[in-house]
Every structure is written in C-alpha cells, then in structure tokens.
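Offset between the sequence shown (1-based) and the working numbering: plus 80. Where a beta carbon is used, it is the ideal one built from N, C-alpha and C, also for glycine. Predicted model, so just to flag it, every value in this text is computed and none were measured.
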Amino acid sequence: MPNTPHFELSNVMDAMIENPNMFFAVVNAEGKLISISQTLLDLLEIDRAQAQGKHILDVIPDGKLPEVLRTGRIDDADVLWVNGHKTIVTRVPIMKNGEIVGAVCSSLFMDIATAQELVDKFNAPGPETDLDIVINELIDSPSIGYIVIDLNGKITDINQTYLNAIGKKKREVIGHPIKEITPHSRLPEIMETGKIDTVDVWTVNNRSMLVNRLPIKNNGKTVGAIAHTLVLDTTVHQFLLDKLQETDDVVFEGLIENPHTGYLTVNKDGIVTLINKTMADALNLKTSEVIGKYIRDVIPNSKLPEILATGRTDRTDIWSISPGHDILVNRMPILKDGQIIGAIVHSVIMDMAEVKDLIQRLQDTQQELNIYKDVVSSIYRAKWNFDHLIGQSYDFLNIVAMAKQFSQTSSTLLITGESGTGKELFAQAIHNASPRSSGPFIRINCAALPENLLESELFGYSEGAFTGAKKGGKPGKFELANGGTIFLDEIGDMPMSMQTKMLTVLQERVIERVGGTTPIQINARVIAATNKDLEEMVRNQEFRDDLYYRLNVVQLKLPPLRRRMDDLPLLTADLINRLNIRLGTSVQRISDEAMQLLNTYSWPGNIRELENILERAINLAQMNSRIIIEPADIPSLYDSTPEFPVEFKSMPERIDDLEKHLIIQALENAQGNKTQAAQLLGIHSSALYRKITKYDLS
C-alpha cells in the first residue's frame, strides 16, 4: 500500500472508530485524552476541543482509566454511565517495553482481543510499521473483516478474513478498483457522499455479513472509505434477511455473543428461531432443546406470544426464569413492511435480588450524599472573587490578568509570594471564576498540622485505622474537594514523606484512605501556595524535584506590597471600609500625616500586616472618639523609639523581630487568649503555639 499522507494510520483509525454503534477513548500515561471518537463526544455533548488534551476525569468524572494506568489491570466488562447513557465498556492498559504508557476504553462492540491487539501494535518498539501491515495484524480476526479504498476507488488494504469471504488472494485484490472485485460494493458511494452507512446486510459467495461503511477523512476532506464487517453464519443471515429488515438497534446488539446479554427470538407462530449461549445458560437449556420449539413448550411463562398478538413493547420488565432467579428484559415485536413477523426478548443478565439491594443502597447513599453535599457547600465556599482584589499598579494588573486566564484551565497551579501578599485570596478568586465555581473550595495549611495528622486530613481514614478512628471512617480534604478546588497552603512546609504521597496523587488522581485498601478517584483542581523558594529547596534536597515540577505547571508570582506602593491608598481605603463593617466602628478615613507614615514603611508583612495595623488604629481612634486615623493611632510606626536595635541585622533577623513584636502585641490585645491572638494575627492557633515556643514567649 502506498505510504502517502492521505493514508496516515491516524486517518484510517479515525474512520474505523467513527461508528455510531461504538465509542472509543485513549489516554496517555498522565491520563490525558489523546484520542476520542465522535460517538463519545456526541454522548458527552461536547466538541473535540473541549476534550482533547484534558484529563479523562475532567471529561468523564466517573471514568476509571486512571485506575487502569495505576494497576495495569484489564476491565473485561464494566458498566459506565456517560451523560445519562449506560453502556458496557472494556478498559485495557497500553504497554510499551513493559511499561504502562496509556490506556484505552471502548464499548463492547470491539472485543477485548481486538482492543489489546490495537494498543499492542500502536506501541510496538522500533520504526513505524507500514499501514497495510499494521491494519492486517491489528484486525486479523476470524469474524471481523476490513477493506479500504483510496480516493480513486482502488483497494489499498484488506485483511485475510475479508479475502476468505470473497475467495481471493491479496495480490489479486490490492490496487484493483473495488467494483472489479465486488461489483455491488457501496464504498464508492460512501466516499462520494461522506456519509456513514451504519448497519447493512451484505452477501458474497453465500457468506453473510453485517457491514458498516465509513469515510476516511484527512483535514476534513474525504480521502477514502473503509468497510468493516461481522461475518455471520447462514442461519443468522437468513433470519436477518427474512425478518429483521426493520428492527430496533437492540437486535444488532443482541446478535453479538455477549456474556452479559442474552436474547431469544421467535417467528410469527411463536417458534424459537434464535437463542444465544448466555440466554440458554440462564435457562439451563441447550440450544438444540430450544430451536424449532414453540416458545411456551420451552418457557411456559414467556410473554412473547402476547407481544406477537398485541405488538406492544415491554421495557425493563422483571422476568422470573427460575425460582429465585429474576432478570430484567426488554420485549418487542419484529416488523417487516408494517407486519409483525416475530418477536425478541433481550435481557441484561442480572440477579434481581442483588439489583434490588443495590437500588436500596444507592437510594440511601444518594440521600446521604445530598445532605453531605449541602453541608460541604455551605462550609467550604470561596468568598473572594476578582472584583474584591484591589489595585491599579502595572505589576498587580498583570498578575490579575494572568490569574483570570489560569482560572479557565484545570491545570495544577502554584502561587508564590511573600507572607501576607494574598495568595489564598487569589486562589479563591480563581476558583470562583472557573468552571468549578459551583463545587467546594477546600483549604488546608500544610504547616499547621503535624505529619501524622496531615495524611489523614488530606486523604481521610477508614474505620479502625487507628485508636479513636471514627466509626465508618472519615473522608479527607481531597474527597471533599471533588468537583471543586483544593488549596494546599504552605506547600513548602510539607514533610518529605508526604511529598512522595502527594506526587502519586497528582500523577494518578487516585487516593487511598489511611488504613484503607480501596482506591478512590478524585476530581479536584489543585492550587498550591508557598512563601518559600522551592527551587532553592530543591537544590538543597529539602523539596522533591519531581513534585515541584508537577506543581509548577503554571505559576502565579504575587508582588510584595513594597513593589506596589501606588496601590497603598486604595488598599487602605478598602480595608478601612471592610474593618468598619467587621468591627462595627465608624472611622471614615486616614489623615494625610498618618498616610505618610504608611508610605515610608517597608511592609515586610505585606497586606496582612497593613490590615493588622489598620485594625489596631481603628480601635484606638474609636476609643478616643475620633473618626479619622491619626499618627498617634499607629504607635508602631509613629514612636520615635526605633522598633529594632540600632546595630545592623539581616533581613531574616529583622523579620523575626517584627514577628515577635506582633505576637506580643496580639497577646496583649487578646489579654493572653492565644486563640483570639491567633485570629488577630490571621494564623492557625497551632502555628502560634510553635512561634511562642520559638521566641520563648511562654
């Protein structure tokens, strides 16, 4: 076959999977979608741009491909809900040189063997294989045939199953016009119209097939066509020709031998004409004991004669096929030219006792989840948005513009900046402007909790995980953040052992509760923040380099207040208004002299320090019955006595002195109440206790 751009492997594979009766999705090792069929996009009601390159859980929250990536297991047949549609799917890991490099999910119209061959061939080591070899080996199945033509209607590829069907050798076919080999072929018509021929019956050399015909496209233009067929035996073909020309898609689905689906058909006289192995096994009968018999001689309680008499359709009925064994079934008439010529019962083989128990548990769980969701939403809600961020300086406006862009992605975000620059406020604004705004915003301070508690706070714990563990266990912050955002503050203070676990979570989007064994999928955007130099910490082996690179997908570096002093008047006015509301005071503004003091200060504590100083100033002004903040209300900046010793000190030493001074003032204002002092300082009480010990203030 000519190796031309018109017949790149991706073009042909795209045509093969653009099938309305199946869907297909492929992810890479990171769980990001690299291929997705139009059928699945249609089910999801999104376009390709909204899916390609996104993490699979952002597109299909209930998808399990990350588990396949993590474990390497094959999901032979599982139920997947896609936007209200239930289908049975197969999931297979993609292996290369013994490593998992991706995973594929397909509906069960493609069997597991074909899917495995597909991914194996795609990832075979060595140079790229010619398309004809790839496709022949890829779909070399005794029951599935493929034939491909180019823009000129000439056969460019065909597999052995199709060759056997037409009784030809490959050298007699390749390069010849399709009409010479199969005069009645409709592939040229498909190529001309660009339309998909979904399901048709085709006969050649007395062999019968169900055939799908699809155009092959490149850059939106049709460059060829492909037909792929399911070879059927004579009995099935005769039934199709005579009785199934007008039928429900469920018949085509039932014709495929499926261990999870059974079917049985009768003709207009109620004589059984078809039964698959799954149904026969469920009835504890052999096919030979059923075919040709009147339905009620075999199954006395069958309702198919009623379907023949009335033409009605039974949807999702419970059928007792034996004592204690109920299954769900659909029954419908088979029509031809408007006349009933038969009937079919199509079932999903399930133990109804288990289904009823499952339904009850699902109803109970749904009630719990609704309550749980309402509680989470009320507690974990982001309050700040971009309108609340005050400033007009160039640096600030540039950062806000970047943050607005980042809000529209689901990528992990790292926010850096000195203490007090507003990292959490930016994280909340980004969340509220994102598509996840209706979900929770969960915050956890990685520096505020000891290592043994941090893991259970992040990942939760199972019942009996440790002494005192809550009955039934407890969800962690990652579980609470599902559908929303988790904000990891002070990520630079996370212990090394936890960094390893965090890396695994970010890579696989899966967690396990402490003491648990069941993987839990997470669907939360991660925003991390730190006031530390992570690059320097990586160089000093104090922070994992792989975690840093995983966190630093996109970065937002907030400027300190001293670099945006033009914004100081705006920030001061805004904070005075907010503090008046919170404190119930009525201070109107700050005097020019007092504002000059603020302008000459270096603000090592940034906006948080500005807020604390203004709060003290408002309290002092209110005590002295003033509505304007004067220099005397800012004693820490107004006193002539220097706040630090005259001798030279390094910046870290000066910051420590300032921090100690602020803690002493907060404790004095709170009359020794450490919880209130921590609130005044805007830090967690556990952090305050550590700092009290650090500065020997106990």
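Residue i to residue j span [Cα, whole Å]
i, j, result
"Asp713", "Asn603", "49 Å"
"Lys637", "Glu622", "21 Å"
"Trp683", "Pro711", "17 Å"
"Phe476", "Glu689", "18 Å"
"Arg376", "Ala245", "38 Å"
"Ala423", "Leu586", "52 Å"
"Glu386", "Cys185", "40 Å"
"Arg266", "Asn232", "14 Å"
"Thr597", "Ser536", "14 Å"
"Gln485", "Leu415", "56 Å"
"Ile270", "Ala305", "7 Å"
"Val228", "Pro257", "11 Å"
"Phe104", "Leu120", "7 Å"
"Ile591", "Thr580", "13 Å"
"Thr496", "Lys503", "7 Å"
"Arg662", "Leu655", "10 Å"
"Val291", "Gly225", "9 Å"
"Asp328", "Leu384", "Caution is warranted here: a pLDDT of 36 is assigned to Asp328, below 50, making its placement in the model unreliable, and the coordinate value is therefore given only provisionally. If I take the Cα positions, the gap works out to 16 Å."
"Ala549", "Pro555", "12 Å"
"Gly300", "Leu494", "39 Å"
"Met645", "Asn478", "15 Å"
"Gly752", "Ala608", "33 Å"
"Ala767", "Ala131", "43 Å"
"Pro715", "Asp138", "53 Å"
"Met578", "Ala129", "35 Å"
Selection from the options that minimises the alpha carbon distance to residue i
i, options, result
"Asn660", "Glu691, Leu648 and Thr680", "Glu691"
"Pro268", "Val590, Arg293, Asp626 and Thr393", "Arg293"
"Met576", "Gln676, Glu559, Asp625 and Gly553", "Asp625"
"Arg643", "Arg150, Glu537, Thr501 and Asp361", "Thr501"
"Ile744", "Ile772, His256, Ala109 and Arg150", "Ile772"
"Pro413", "Asp122, Ile401 and Thr393", "Thr393"
"Tyr374", "Gly350, Ser368, Ala360 and Lys357", "Gly350"
"Leu648", "Tyr541, Ala305 and Leu469", "Leu469"
"Gln419", "Ile670, Tyr541, Leu538 and Gly391", "Gly391"
"Arg523", "Leu529, Gly552 and Lys557", "Lys557"
"Arg153", "Lys176, Ile180, Ala129 and Gln130", "Ile180"
"Leu614", "Asp736, Val590, Leu627 and Arg605", "Leu627"
"Ala528", "Asp361, Asp397, Ser716 and Met574", "Met574"
"His405", "Pro141, Ser517, Asp122 and Ala362", "Ala362"
"Pro559", "Thr547, Ile495, Gly519 and Gly752", "It is worth fixing the name first, because residue 559 is Glu in this sequence and not Pro. Of the listed residues, the one whose Cα sits closest to Glu559 is Gly519."
"Ala561", "Ile600, Asn704 and Val634", "Ile600"
"Ala109", "Lys176, Val634, Ala608 and Glu531", "Lys176"
"Ile735", "Asn686, Thr241 and Gly178", "Asn686"
"His737", "Ser473, Leu777 and Leu365", "It should be pointed out that residue 737 corresponds to Asp in this sequence rather than to His. The residue with the shortest Cα to Cα distance from Asp737 is Leu777."
"Val425", "Phe466, Val633 and Thr353", "Thr353"
"Phe466", "Ser473, Ala513 and Gln472", "Ala513"
"Thr584", "Gly552, Leu631 and Met617", "Leu631"
Cut-off 7 Å between Cβ atoms - residues of its own chain near residue i, not counting five sequence neighbours on either side
i, result
"Phe521", "Tyr460, Arg461, Ala462, Gln508, His511, Gly564, Thr565 and Phe567"
"Asn525", "Asp569, Glu570 and His764"
"Ala50", "Residue 50 lies beyond the range of the chain shown here (81 to 778); nothing can be said about it."
"Ser517", "His511"
"Tyr482", "The sequence given here has Met at residue 482, not Tyr. Contacts found: Leu636."
6 Å Cβ shell around residue i - same chain, five flanking residues per side excluded
i, result
"Tyr61", "The structure shown has nothing for residue 61, since the chain only spans 81 to 778."
"Val148", "Arg171, Pro173 and Ala183"
"Thr665", "Ile698 and Gln702"
"Val253", "Ile235, Ile238 and Ile261"
"Asn611", "Glu498 and Ser499"
"Gln399", "The residue asked about is misnamed: residue 399 is Trp in this sequence, not Gln. Within the same chain, Trp399 has close Cβ partners Ile407 and Val409."
"Val634", "Phe486, Ser491 and Leu493"
"Gln668", "Ile707"
Beta carbon proximity, residue i to chain D, threshold 8 Å
i, result
"Glu695", "Going by chain labels, chain D is absent from the structure shown, which holds only one protein chain."
Spatial neighbours of residue i in its chain, beta-carbon cut-off 8 Å, leaving aside the 5 residues before and after
i, result
"Lys112", "Gly133, Lys134, His135 and Ile136"
"Leu505", "Trp464, His468 and Leu469"
"Gly274", "Pro295, Lys297 and Thr302"
"Val594", "Glu535, Ser536, Phe539, Gly540, Tyr541, Ser542, Ala545 and Phe546"
The segment 564 to 579 touching the segment 111 to 118, judged by at least three CB pairs closer than 8 Å: no
Complete runs of the beta strand (DSSP E) confined to the segment 580 to 635 [at least 3 residues]: 605 to 610
Complete beta strand (DSSP E) runs within the segment 343 to 428 (minimum length 3 residues, chain order): 352 to 355, 394 to 402, 405 to 416 and 419 to 428
Completely contained alpha helix (DSSP H) runs for the segment 478 to 565, where each covers 4 or more residues: 503 to 512, 531 to 539 and 557 to 560
Alpha helix (DSSP H) runs contained entirely in the segment 674 to 704, provided each spans 4 or more residues: 686 to 703
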